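There are 2 protein chains.
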Amino acid sequence: MAWRVGVVGASGAVGGTLLQVLAERGFPIAELRLFATEHSAGRRVHWNGQELEIARFSAQALSGLELCFLAVPGAKASRELAPQVLAAGAQVIDKGSAFRMDPDVPLVVPEVNPESVRQGHGLYASPNCTTIPLVMCLGPLSKAAGLRKVVVSTYQAASGAGRGGVQELLEGAAAALERRPAPASVFPRQLAFNVVPQCDRFGVDGYTEEEWKLVRESRKILQQPDLALSATAVRVPVTVGHSETVYLQTERPLAPEEARAILRQAPGVLVRDDPARGEYPTALDVAGTDQAHVGRIRRDPDDPHGLHLWIVGDNLRKGAATNAVQIAELLTRR
Amino acid sequence: MAWRVGVVGASGAVGGTLLQVLAERGFPIAELRLFATEHSAGRRVHWNGQELEIARFSAQALSGLELCFLAVPGAKASRELAPQVLAAGAQVIDKGSAFRMDPDVPLVVPEVNPESVRQGHGLYASPNCTTIPLVMCLGPLSKAAGLRKVVVSTYQAASGAGRGGVQELLEGAAAALERRPAPASVFPRQLAFNVVPQCDRFGVDGYTEEEWKLVRESRKILQQPDLALSATAVRVPVTVGHSETVYLQTERPLAPEEARAILRQAPGVLVRDDPARGEYPTALDVAGTDQAHVGRIRRDPDDPHGLHLWIVGDNLRKGAATNAVQIAELLTRR
Chain A
1 MAWRVGVVGA SGAVGGTLLQ VLAERGFPIA ELRLFATEHS AGRRVHWNGQ
51 ELEIARFSAQ ALSGLELCFL AVPGAKASRE LAPQVLAAGA QVIDKGSAFR
101 MDPDVPLVVP EVNPESVRQG HGLYASPNCT TIPLVMCLGP LSKAAGLRKV
151 VVSTYQAASG AGRGGVQELL EGAAAALERR PAPASVFPRQ LAFNVVPQCD
201 RFGVDGYTEE EWKLVRESRK ILQQPDLALS ATAVRVPVTV GHSETVYLQT
251 ERPLAPEEAR AILRQAPGVL VRDDPARGEY PTALDVAGTD QAHVGRIRRD
301 PDDPHGLHLW IVGDNLRKGA ATNAVQIAEL LTRR
Chain B
1001 MAWRVGVVGA SGAVGGTLLQ VLAERGFPIA ELRLFATEHS AGRRVHWNGQ
1051 ELEIARFSAQ ALSGLELCFL AVPGAKASRE LAPQVLAAGA QVIDKGSAFR
1101 MDPDVPLVVP EVNPESVRQG HGLYASPNCT TIPLVMCLGP LSKAAGLRKV
1151 VVSTYQAASG AGRGGVQELL EGAAAALERR PAPASVFPRQ LAFNVVPQCD
1201 RFGVDGYTEE EWKLVRESRK ILQQPDLALS ATAVRVPVTV GHSETVYLQT
1251 ERPLAPEEAR AILRQAPGVL VRDDPARGEY PTALDVAGTD QAHVGRIRRD
1301 PDDPHGLHLW IVGDNLRKGA ATNAVQIAEL LTRR
C-alpha cells in the first residue's frame, strides 16, 4: 500500500515544505525521488532519517513512479514537465497555475470539493495560496446562505514568491535599518517597510494575474461560475502567512454568531474570534499551521446581508504543500 | 499680518512634522512657542534658523497667542488642554479625535469642505490620517456620480501610533533578523514581519475605534450622514505612509477613465495609474509628500456601478500636520 513518489522542485520553498509535510503526515512512501530542474541538482537533503540526493529531472529517472508532485515556479515549467510525468505512468499533483482552469483537471481543496478528484485522469491541480483559505470559509457560508458579492483585499507574504522573495525581504530590511538601499528585483518595488499593490503581472483591464486567479479558481472550486468576486492583491513585508480581508454579502441575512457557528463546523477552519480578549489570527502565529484561521467576523452596520471576515493561512503549508499532500491522500483512498 | 502661534506636543511625530510644514509653507509666524506636557520640556529644537526651547505647558505661558496647534496623543489630553487655550484667547486646531464629531466643531479637509471653517467658534478639528486621503478621493467621485456603498481595508504605518510605534517596529525588525524576540508593547502584537488587524481598541460590535473614526468622520466631512461605509483597519510593518484599498459603488455607473479624469481635477489628489508601466503609489515613495495618491483605478468586472481604488497618503504630513497647517491657512484668510 506504499507509493513510489517523486517531488520536482524539491529545493524550493514549497518543495521543502512538501517534504516536511509528507513526513509529518506519514504519507505511505515506498520510495522517494527528488528532482530539480536547475542548479540545485546534486544537493543532499535529510528526510525522515534518510539522506536523499536531488537529481536532475529527466524522463528516464521517472521510471516506476506512481505519484509525482510538481512544485516548480512558473506555469511554463509545469506545462513542460507534466506530460512527461504522465507519460511515465505516474499521477501528477501540480501546485502551480498551469492546469488549474483546465476543465479536465480537478482543482482540489480536499475540505471543500473532495469529490472532484473522481473526475480526474491522472492530473490534479492545487489552487493558489490565497484561494485555498478563502474558499474554505466561503464554501460553508455559501451553502448556508448563498453568496451575492465578495470583495477581497490581500496581505501576501514574501514567500509567495519563493525563497528568493524571502531573501530579498530580509536583505532589504537589514539594508533599510542601516539606511542602505534595499533591493527590488524579485518584487517590483522595495518590499521591506513598504506594501506593494502588485502580485504578478498586470493585464489590460488593470487587474493582476494573481487577482484573476483568486476569482477564477474560487468560482471553479465552489462551482459558482458567475460568483461576483473581485480582489486587490497586495504584497506585505511578512515572510510567511497570507492574510485577507473579506467583505461578503449573502442572499439570506447571516448574523455574525451564525457565521461563526458555521465556520466552527467547517473542516480545516479554525475560528479565532474574541477581539475583546485580543484573539484574532495574525500571519506570525499562523505560520506553521494547516488551518484557515478566521477572526473579526462582524456585521456590516449598513446591510444585514453584509459580513466582514479576516482570514489568515500559512501560504507554504495549507496554501501549497499541505493541500497538495491532502490531494495525494484522497488519491490513495480511491 | 503675522501670527503668534503655539504648538503643543512639539516633540512628537506629528508635532515635529508640523514644525517642518509650518516652515516649508512659510506660514506667517510672528512668534512660535513650543510646548510639551511631559518629559520633553526643556529640549531644544532648531526651527527655521532659530533655536527654540520646548516649554512645559501652562495656561500662563499661552498669554498673547492667537493660534495654537494641539498635537498631543489621546483624546483626553486634548479635552483638558483645548478649553485652556481657548480661554487664553487663541484659536485651536486639534489633530486628535476629541472634538471631531462635536457638531459645533468644523472637521476640515481644506480641499473637500473649506467652507466648514465658517461655522467654527475658535476650535477646529483635523480628521484621522486614514480619513483625509479617503475623502479627498470620495468627495469628487460622490459629487459626480453619488455613492451607494464603500468598503475600505487599510494598510497603516507604525508612525500612526507615534514615535514609539516606529521605534518598536524598527527594534522589532532588528531583533527578528537576529532571531531574538521582538517587542509588542505599543502594538498589541509583534508588528515587525507581521500584519495586525487591530488599530485602537475594540467595541462590543467587533469594530475598532479606528474603523468607526473612518466611517463617522467621512460621513461628517462629506455631509452624508447615511453613507454606507465600513472598514477593516490593519497595521502593517511600514514606518510612514497609510495605504487603503477602496471598493465603491456609485449611484450612476462610472467608468475608470471617467473616475481618473475626475480625480485628476481633484485638488490635492495625484493620480498615478499606469500599472503596465509599473506606475502606482506605494507607502515608501509617497512618504514626504502632501497629496492623496491614487492608482489601480479599475472597474468591478461584475457591476458597472463598482470601482476599485488604491489610495496612499503620508499619514504624518497630509494625514495630520499638513492638513492642520492648511486649516490654519484658511483661518488667516477669513
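First to last, the protein sequences are chains A and B. Position 281 (the first sequence) corresponds to 281 in the working numbering; numbering is contiguous. Position in the second sequence (first residue = 1) + 1000 = the working numbering. From the three backbone atoms N, C-alpha and C, an ideal C-beta is built for every residue, glycine too. Here the structure is a predicted model, which is why all the values come from computation and not from measurement.
request  = Return the residues of the region 1187-1200 of chain B that lie within a Cβ-Cβ distance of less than 9 Å from chain A, sorted by chain order.
outcome  = PRO1188, ARG1189, GLN1190, ALA1192, PHE1193, ASN1194, VAL1195, VAL1196, PRO1197 and GLN1198
inquiry  = Please tell me whether B/PHE1187 and A/VAL238 are closer than 8 Å, where the distance is taken between their beta carbons.
reply    = no
key: Secondary structure, beta strand (DSSP E): runs of 3+ residues fully inside the region 1217-1298 of chain B   = 1229-1232, 1242-1250 and 1269-1271
query = Between the region 61-95 of chain A and chain B, which residues of the former have CB atoms less than 9 Å from a CB of the latter, in chain order?
reply = none
request  = Taking A/ASP200 as the reference, give the member of A/SER11, A/LEU229 and A/GLY162 with the closest Cα.
outcome  = A/GLY162
ask   = Counting along the chain, where does the alpha helix (DSSP H) carrying B/THR1322 start and finish?
value = 1322-1332
key: Members of the region 275-303 of chain A near chain B, C-beta cut-off 9 Å   = PRO275, ALA276, GLY278, TYR280, PRO281, THR282, ALA283, LEU284, ASP285, GLY295, ARG296, ILE297, ARG298, ARG299, ASP300, PRO301, ASP302 and ASP303
key: Positions along the region 94-121 of chain A whose CB lies within less than 9 Å of some CB in chain B   = none
message = Quick check: what's the CA-CA separation for A/GLU217 versus A/THR131?
response = 7 Å
query = Roughly how many angstroms separate the alpha carbons of B/PRO1110 and B/ALA1125, rounded to a whole number?
reply = 11 Å
ask   = With 16 as the cutoff for other CB atoms within 10 Å, does A/ASP274 come out buried or exposed?
value = exposed
ask   = Looking at the unbroken alpha helix (DSSP H) that takes in B/VAL1204, where does it start and where does it end?
value = Per DSSP, B/VAL1204 belongs to no alpha helix (DSSP H) and is neither H nor E.
task = Please specify which runs of the alpha helix (DSSP H), each continuous and at least 4 residues long, are wholly inside the region 1155-1186 of chain B, giving them in chain order.
result = 1163-1177
Rounded straight-line distance, which links the Cα of B/ALA1324 to that of B/ARG1333 = 15 Å
query = Using a beta-carbon distance below 8 Å, is A/GLU27 in contact with chain B?
reply = Correcting the residue type first, residue 27 of chain A is Phe in the shown sequence and not Glu. No, no contact with chain B.
message = For the region 1017-1032 of chain B against the region 96-109 of chain A, do three or more pairs of beta-carbon atoms, one drawn from each stretch, fall closer than 8 Å, so that the two count as touching?
response = no
query = For B/THR1232, which residues of its own chain have a beta-carbon under 6 Å away from its beta-carbon, when the five flanking residues on both sides are left out?
reply = SER1153
message = Quick check: is any heavy atom of the ligand FAD less than 7 Å from the C-beta of B/GLY1241?
response = As presented, the structure is devoid of all ligands, the ligand FAD included, so that no description of it is given.
query = B/GLN1029 to B/ALA1328, Cα distance in whole Å?
reply = This sequence places Ile at residue 1029 of chain B; Gln is not what is there. If I take the Cα positions, the gap works out to 11 Å.
key: B/VAL1294 versus A/GLU115 - alpha carbon distance   = 44 Å
request  = Give the residues of chain B in contact with A/ASP205, contact being defined as C-beta atoms less than 8 Å apart.
outcome  = ARG1298, ARG1299 and PRO1301
ask   = Got a sec: which bits of the region 1153-1184 of chain B sit with their beta carbon under 7 Å from any beta carbon on chain A, in order along the chain?
value = SER1153, TYR1155, LEU1170, ALA1173, ALA1174 and LEU1177
ask   = Which residues of chain B have a Cβ atom closer than 8 Å to the Cβ of A/THR239, listed in chain order?
value = PHE1193
request  = Consider the Cβ of A/THR232: report whether some Cβ of chain B lies at a distance smaller than 8 Å.
outcome  = yes
inquiry  = Residues of chain B with CB closer than 8 Å to the CB of A/HIS308, please, in chain order.
reply    = SER1230 and THR1232
message = Tell me which residue opens and which closes the alpha helix (DSSP H) that A/LEU19 is part of.
response = 13-24
ask   = Is it right to say A/ARG317 is buried, meaning 16 or more other beta carbons lie within 10 angstroms of its own, or is it exposed?
value = buried
ask   = Quick one: is A/VAL271 near chain E, going by C-beta distance under 8 Å?
value = Protein chains A and B are contained in the structure displayed, whereas chain E is not.
inquiry  = At the 8 Å Cβ level, is B/PRO1140 part of the contact set with chain A, yes or no?
reply    = no
key: chain B contact residues for A/SER243, given Cβ-Cβ distances below 7 Å   = VAL1195
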